[in-house]
Structure formats: structure tokens, C-alpha cells
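When the letters of the sequence shown are read in order and numbered with mature numbering (1 follows the signal peptide of the UniProt record, and there is no 0), they come out as residues -16 to -1, 1 to 475.
Here's the structure, in C-alpha cells; my notes come after.
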Amino acid sequence: MLAVLFLLVCFSDISAKYQPTWPSLDARPLPKWYDEAKFGIFCHWGVYSVPAFRSEWLWWYWKGTSPDKDVVNYINRNYKPGTTYADFAKDFTAELFNAKEFADIVKSSGARYFVLTSKHHEGFTMWPSRTSWNWNSIDIGPKRDIVGELKDSFKGTNVHFGLYYSLFEWFHPMFLDDGKYNTTAYVDHVSFPQLLEIVNRYKPEIVWSDGDWGKTDEYWRSKEFLAWLYNTSPVKDVVVVNDRWGGDSIGKHGGFLTYADHFDPGKLLSRKWENCMTLDKGSWGNRRTMKSSDVYTVHELIEQLARTISCGGNFLLNVGPDMHGKIPPIFEDRLRELGRFLSSHSEAIYGTKPWVHQNDTGNTWYTSRVRSSVFPPDRLFNPQVESETTVYAWILDMPTKDLELKQIKTTDSTKVSFLGTDAFFEPGAKSSLIINFERIPWRHLVRNDVMVLKIENAASQMRVPHKGDHHAKSRTRARNFVDFEWAYDAF
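Quick look at the structure:
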């Protein structure tokens, strides 16, 4: 009762900084750590890792409105008659789970944030929720507070801790009854209290909502929750959220935008966004039928990261641990190898912003940074000012002959370095940048399938958004950029 009264007081306070309306909530600036982090690891882990067949949606494919014959046949062949999904929970022991090992693998990947599924659509909570009796990781299965252990394992690191939370549950009786009778019992007694639990107990810096489809944000009380989260919660100054809060909120409302899984627009967007994808091309959860060819290569991951951050997004890469609590070795190998590359190319990643151009010849993508602090902190991209801007060219298709980068205009002061090596050259004043094939320090590159150039003191350029350009979706913001770039073109 006290908690309810507290919430009523908070939400009735008209002096609160953020009101429970989308215009007010969407006006909140995104905490800058998120844009600077660039890369995170997602972790889908739950009871579905026991059958580990098809995907984390197995229960729905088995008992949903249109059962999948392959899933039904698999269950019938491998489990005794009368088996229920709840029976899998007792085998979800996670006996080999070591939170410190998890954290070590995540840190080794170069990720700067981590997001765990605190609850997926099956409803099993990975913490001892007060509203999920006998269907949580303390009462059955691991008999451990998985969320709490992982939260603690990242303390003192440079990795921000976040939690995914599914608003709905496929087969929760209250949720099903709400659909029948137009009531809100499930939200009032399950989902809303659980959101408050995970925030107050674990203080995540990311709340990654999902499972909102088919219901409005009013049903989920999303605006009410976000107003509390932004105004008075213990993480009000640092937390970021996504855009899956009910109705048509996806791609419109919230903090960063996800639009859809594997979202890769290939162009600069007017708001911060995230590309979430999974290492196993066929599933987010652990899958026993996964083949090595189903796993993205490190080169493919580097390419996806480069494409994403060049266009202003963050890259969230998922792994699915097994029922015993181990990250599959092939996933660990991919993450550690990726991390070795990111470590030697970190200046082209963390804390960068998109450049005036996003891509160029030969599958080349750009990031950039500026030396001065006079530039607007909320800018979508960095201007090209000769004495201020450093450009990073991610060349993802290695050239077999001289490569011309047409978006780069060089001067007599321009210097081009090969990141990860000591090699550099000075191209002189030209209308484009020519990378001489014979000048590439092949033996010293970190990888033989990708290289990143650091370009300093390139010629100043202007970028003027035009009517209809995706960079001019916010007319005020676009106009500010035009004025800003003209002001600094004389550098």
C-alpha cells in the first residue's frame, strides 16, 4: 500500500520534470554514456535453454495458436507423454554458471554494456520475483539469483549493466483474461510491479522492453512507468530505455529506437537507434541444432559494427548460453577475437560520431571525432573542419588495386595512418584520397580482411541538409546544423 501511495504522489506531482506524456518523455536527453559505448552484448537465457530446440519461442511453437509440427514431433519423440513446459524448469540447473566468467567473456569482446533477459515471454524470472511464485530462478532450477550475480560481476568494470524485460507472457492466466474481459489485472499485479522490482533492486542502466505488441501503452502503463523511471527512480540520471512500450511506440517513442531486430538502415537517422542481432543466425536462445555455418564470422560482425556506428547506431550482439550456464565455445571464440580487433582500433569506435558522409567506395564506412568541445554535444554527426576533425575510414572489402576514397579531400597537411600499425603517409593536396595498393602494410595489419585508416587534417567540407533528406526530419535541428557548419567552414 505504501508503494502504491508513493507512486500516486509521484505521478500526481505536476512539478515533476517529466510528465507521463510522450512529448515530455521523448524530450529527455539520452544519457551520453550510451552513445559513447557503441557496442553491447545481449544474453537470452531461460528455461527454453533446456529443450534448446528451434528457438526461445519453443513453448509458443508447441502450445500456441498454430503449433509447429516439427516442434510437436520433437517433443513427442524425446520426452515422456504428459510432459509440460514447466517440467523443463527443474532441469534448468545452471550448475556450471559462473558470473565472473560471463563478465570476463563480455569484457574481452570489447562490449561496453550488457543486457540480460530478466524475463522472456515464457514468464520465468531470473530473479526471485515476488509476483512469480515457483516460476523463478530461486524457487526452481538454478536456485540462484541470476540477475543479482551478473549485476555484481560487472561492478568495477567499464561495462554498463542492463535488463531486458518482456511485458507480456504467452500463457499467463491474468494476461489471457485481460484480453477476454478488457481488464488490467496482469499489468497491475504482475508486469508493472516486476518492472519496479528490477529497477529498485538491481538498478539497471538499461531497461530494454519487449513483448508489448497487441496492447496499447495505456494498457501497459508505460508512460506512467517511464515518468517514475526518469523522475524519482534510483537510476533516473543514467538509465536509457528502448522504444517497445505498446501500441505504435516502436520507432517513435522512448529513448533509443530499435524499429525491428537486425535493423540496419544504411543511412544516418535523426534519432539514436540500436541494431540488435544474434550470433546464431537461427535463434536468440541456445539451439542444439546450430551448425558452425549458422554463426556469424568475425569479419561479418566487424562489418555490421562499422555500418551501424557510421550511421549513428549502437550494435547489440546476442549470445544464448546453454542450460548448464555456459556460453558455447564458438560464441566465446567469436567474442574474444572480435575484442582483440576492437582493442587495437578503439579510437575509431568508442566516443565517436558519424561523419558528414557515411560511406564511400569499396564498402568503406566512416566514423569521426573532433578535438574541440565547442561543437554542440547533441549533434547527429561531426562536421569536417580541417584543423578539428579526425576521420576513420573502415575499409571492409580489402582492395586488390589502388583504392580511391572520393569523399575525402586532402590538403598538404593531411596525414593518413593505418590503425594498429606504425605506418602512415602524407598524400598531399588532392580532390580525393588514393590508397596505393603497394603502400598498404599488409604484414602489420591486425587482420587481413579489414583495415581502418585514421585521416587527420583533411580539407573542410560542408553538409547542408535539403528538403526531404532523412537528416532533416527535425527541421529545427537540421537548420541548426546548416548554420553551425557555415560558421565553422572557415577553419
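Think of the CB as a built atom: it goes at the ideal place given N, C-alpha and C, for glycine as much as any other residue.
- The three-state reading of DSSP puts His237 in coil, since its state is none of H, G, I, E or B.
- With a threshold of 16 other beta carbon atoms within 10 Å, Trp44 meets it and is buried.
- For the region 60 to 110, the continuous beta strand (DSSP E) assignments of 3+ residues that do not extend past its boundaries occur at 97 to 103, in sequence order.
- Burial is judged here by how many other beta carbons sit within 10 angstroms of a residue's own beta carbon; Lys390 has fewer than 16 and is exposed.
- Here the C-alpha atom of Ala169 lies approximately 29 Å from the C-alpha atom of Lys1.
- Pairwise C-beta distances place the region 116 to 123 out of contact with the region 209 to 222, as fewer than three of them are shorter than 8 Å.
- Check the Cα spacing between Leu151 and each of Leu134, Phe176, Lys164: the tightest is with Phe176.
- For His283, the enclosing alpha helix (DSSP H) starts and ends at 282 to 294.
- Contact between Ile311 and Ile89 is confirmed by a C-beta separation of about 6 Å, below the 8 Å threshold.
- Where Gly323 is concerned, the enclosing alpha helix (DSSP H) starts and stops at 313 to 328.
- Per DSSP, reduced to three states, the secondary structure at Lys135 is helical.
- Under the DSSP assignment, Lys399 falls in the beta strand (DSSP E) whose first and last residues are 399 to 402.
- Between the region 22 to 29 and the region 57 to 72 there are fewer than three inter-stretch CB-CB distances shorter than 8 Å, so the stretches are not counted as touching.
- Residue state for His173 is assigned as helix, using DSSP reduced to three classes.
- Runs of alpha helix (DSSP H) with 4 or more residues, each lying fully within the region 157 to 206, are found at 157 to 165, 176 to 186, 201 to 204, listed in chain order.
- By the criterion of at least three beta-carbon pairs nearer than 8 Å, the region 337 to 354 is in contact with the region 372 to 387.
- Just measuring C-alpha positions, the residue of Trp154, Phe240, Gly231 sitting nearest Val191 is Phe240.
- Spanning the alpha carbons of Trp6 and His237 requires a straight line of approximately 7 Å.
- Residue state for Asp221 is assigned as coil, using DSSP reduced to three classes.
- Pairing Thr374 with Ala443 gives a Cβ-Cβ distance that is not under 8 Å.
- Under the three-state reduction of DSSP, Glu422 is assigned to helix.
- By a beta-carbon distance limit of 8 Å, Ser206 contacts Trp229. Their separation comes to about 4 Å.
- Separation of Tyr32 and Val174 (C-alpha to C-alpha, rounded to the nearest whole angstrom) is 21 Å.
- The three-state reading of DSSP puts Phe26 in strand, counting E and B together.
- Close CB contacts of Val131 within its chain, under the 6 Å cut and outside five residues either way in sequence, are with Ser102, Met110, Trp111, Tyr186 (chain order).
- Scanning its chain for C-beta atoms nearer than 6 Å, with the 5 sequence neighbours on each side dropped, one finds around Tyr18 the residues Val224, in chain order.
- Using a 10 angstroms sphere on the CB of Tyr165, the tally of other CB atoms stays under 16, which defines it as exposed.
- One alpha carbon belongs to Gln368, the other to Asn343, and they sit about 14 Å apart.
- Put simply, of Gly323, Asn226, Asp232 the residue whose alpha carbon is nearest the alpha carbon of Glu202 is Asp232.
- In this structure, DSSP gives Phe209 a helical state, which the three-state scheme calls helix.
- His308 is bridged by DSSP to nothing; it lacks a bridge partner.
- Here DSSP, grouped into helix, strand and coil, assigns Arg38 to coil.
- Apart from sequence neighbours up to five positions away, the residues of its chain that approach Asn298 with a beta-carbon distance below 6 Å are Lys22, Glu258, ordered along the chain.
- Per DSSP, Lys16 is one residue of the alpha helix (DSSP H) stretching across 16 to 21.
- In the DSSP assignment, Leu9 falls within the unbroken alpha helix (DSSP H) covering 6 to 10.
- DSSP places Trp339 outside both helix and strand once states are collapsed to three, so it counts as coil.
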